[in-house]
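Counted from 1, the sequence shown has number 52 at position 27 by my numbering; the numbering is strictly sequential. Beneath this line is the structure, given in structure tokens, with notes to follow.
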Amino acid sequence: MTKETSARILVGLSILYGAIIAVLAALDITVAPTAVVGGVIIGGLWVVRGLVWRRT
26 MTKETSARIL VGLSILYGAI IAVLAALDIT VAPTAVVGGV IIGGLWVVRG
76 LVWRRT
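Here you go:
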């Protein structure tokens, strides 16, 4: 997997995550737990990507 591919995948996941949060908010569902968990997961994936690609 190249740097560009991994970045595109993570950007796509970030957009999908934002859309899910927007739909949950529109449906008047409590989004705080989902937002926290999703934010930590997406942020963690960006950190791992940065660490892996910095070494190469």
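The beta-carbon is built from N, C-alpha and C at its ideal position, and this holds for glycine as well.
| task | Note the first and the last residue of the continuous alpha helix (DSSP H) segment covering isoleucine 66. | result | 57 to 80
| The alpha helix (DSSP H) enclosing leucine 49, as first and last residue numbers | 28 to 51
| field | Among Gly37, Val36, Thr59, nearest to alanine 47 - alpha-carbon criterion | value | Thr59
| field | Inter-residue CB distance, leucine 35 and tryptophan 71 (contact presumed, cutoff 8 Å) | value | 6 Å
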